[in-house]
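To start, the structure under review is shown below, and the notes come after it.
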Amino acid sequence: MRIDEQPRTRWPDTSAFRNRRPDLRLGSRRHQIDAASATQGRIALQHTVRTATAEYTLLLNAPEWLGRRGVGEALRDSVAELRAIDLTYGPNRPESLVSKLRRGEISPESYPPLADLVDRCAAMRAATDGWFDAWAVPGGFDPGGLLGGWAVERAAARLRAAGVHDYAVLTGADLVVRGRAPHGGPWRVAVHHPTAPDRAPLVLEMTDGAVGTSGVTGRQGHVVDPHTGEPATQLAAATVVGPDLAVADAYATALYAAGPTGLAWFRGNSDYRALFAHRH
Numbered sequence: 127m128r129i130d131e132q133p134r135t136r137w138p139d140t141s142a143f144r145n146r147r148p149d150l151r152l153g154s155r156r157h158q159i160d161a162a163s164a165t166q167g168r169i170a171l172q173h174t175v176r177t178a179t180a181e182y183t184l185l186l187n188a189p190e191w192l193g194r195r196g197v198g199e200a201l202r203d204s205v206a207e208l209r210a211i212d213l214t215y216g217p218n219r220p221e222s223l224v225s226k227l228r229r230g231e232i233s234p235e236s237y238p239p240l241a242d243l244v245d246r247c248a249a250m251r252a253a254t255d256g257w258f259d260a261w262a263v264p265g266g267f268d269p270g271g272l273l274g275g276w277a278v279e280r281a282a283a284r285l286r287a288a289g290v291h292d293y294a295v296l297t298g299a300d301l302v303v304r305g306r307a308p309h310g311g312p313w314r315v316a317v318h319h320p321t322a323p324d325r326a327p328l329v330l331e332m333t334d335g336a337v338g339t340s341g342v343t344g345r346q347g348h349v350v351d352p353h354t355g356e357p358a359t360q361l362a363a364a365t366v367v368g369p370d371l372a373v374a375d376a377y378a379t380a381l382y383a384a385g386p387t388g389l390a391w392f393r394g395n396s397d398y399r400a401l402f403a404h405r406h
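Residue numbers for the sequence shown follow this note's numbering, beginning at 127 and rising by one.
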């Protein structure tokens with residue numbers, strides 16, 4: 127897996143964080159940006175979009191020179207990418223490219239983005255010793271374990287192409303951030319315990335990185351042990367932080383399936399770190 131940038135993430139002392147309100151919260155009912163005005167020369171914008179399968183919140187801290195029209199166009203382009211991926215790649219849509227690939231009607235090489243999606247799934251299968259396996263899913267190939275993160279990263283790439291380099295994109299208990307928050311400092315992210323929300327959150331200050339989580343939706347059996355075909359039951363939740371949300375999502379899915387065995391993936395020089403891996 128080739129990563130163009132290393133994550134820039136700090137874990138501040140929680141006690142020092144108490145008097146500083148977080149910009150973002152994950153794992154709690156409120157995960158949007160804290161109301162704050164942008165610093166001089168910036169345009170702050172928040173937008174929520176719902177597709178058939180997910181809800182996304184985009185938080186932009188754009189340079190003033192782009193103008194409100196330019197920021198609006200960047201937002202529309204990013205939202206269009208999210209909607210297009212939902213329509214084009216959703217495994218539950220009979221006419222999606224993923225469904226056609228399952229039926230053998232097309233090959234991955236027919237569409238470059240589909241080939242990228244398949245290649246990423248293959249790379250994560252190798253990186254997790256087969257615990258993330260998009261081909262060992264009932265019904266055939268299903269990239270769902272990283273599809274949401276892949277969609278967010280592609281939408282974020284649209285923002286950067288339009289000149290917006292400071293943003294956060296959230297979906298469920300996942301997020302990707304880059305650059306600075308509207309107040310001018312790093313994005314302050316409070317990551318709440320996935321199964322004990324009353325505990326003090328783990329605090330991150332991020333300027334480039336992603337957080338992926340598996341197991342907090344309340345659905346039972348949504349992750350399958352690829353070695354047995356049975357629902358994974360070892361962990362109640364798994365959360366991973368690193369540079370790329372698609373990869374972090376896939377690692378979180380694999381860790382949820384593998385249990386404590388999967389913690390070995392994050393040792394040594396790994397760009398990814400397990401934040402939570404909790405047993406039932």
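Note that the Cβ used here is the ideal one computed from N, Cα and C, for glycine as well.
Under 8 Å between C-beta atoms of residue i and residue j
i, j, result
"G167", "P148", "no"
"A364", "F402", "yes"
"G274", "A180", "yes"
"V224", "P234", "no"
"V302", "V278", "yes"
Exposed unless 16 or more other CB atoms sit within 10 angstroms - verdict on residue i
i, result
"L389", "exposed"
"P217", "buried"
"W191", "exposed"
"E331", "buried"
"T254", "buried"
"S236", "exposed"
"W137", "Here the model assigns W137 a pLDDT of 45, short of 50, so the residue's position is not dependable, and the following value carries that caveat. With fewer than 16 Cβ atoms within 10 Å of its Cβ, W137 is classed as exposed."
"T379", "buried"
"P238", "exposed"
For residue j and residue i, the rounded distance between their alpha carbons
i, j, result
"V337", "P386", "19 Å"
"I232", "A241", "11 Å"
"R176", "P352", "30 Å"
"V350", "Y293", "33 Å"
Under the three-state DSSP convention, the category residue i falls into
i, result
"G338", "strand"
"P189", "strand"
"E221", "coil"
"T387", "helix"
"E231", "coil"
"H157", "Reliability fails at H157, whose pLDDT of 47 lies under 50, so the model's placement of it is uncertain and the value that follows must be treated cautiously. Looking at H157 - three-state DSSP - the assignment turns out to be coil, as it is neither helix nor strand."
"F258", "coil"
Whole-number beta carbon distance between residue j and residue i, since they are thought to touch under 8 Å
i, j, result
"A170", "P308", "4 Å"
"Y182", "L150", "Between L150 and Y182 the Cβ distance is about 13 Å, and since that is not below 8 Å, they are no contact."
"R306", "T333", "7 Å"
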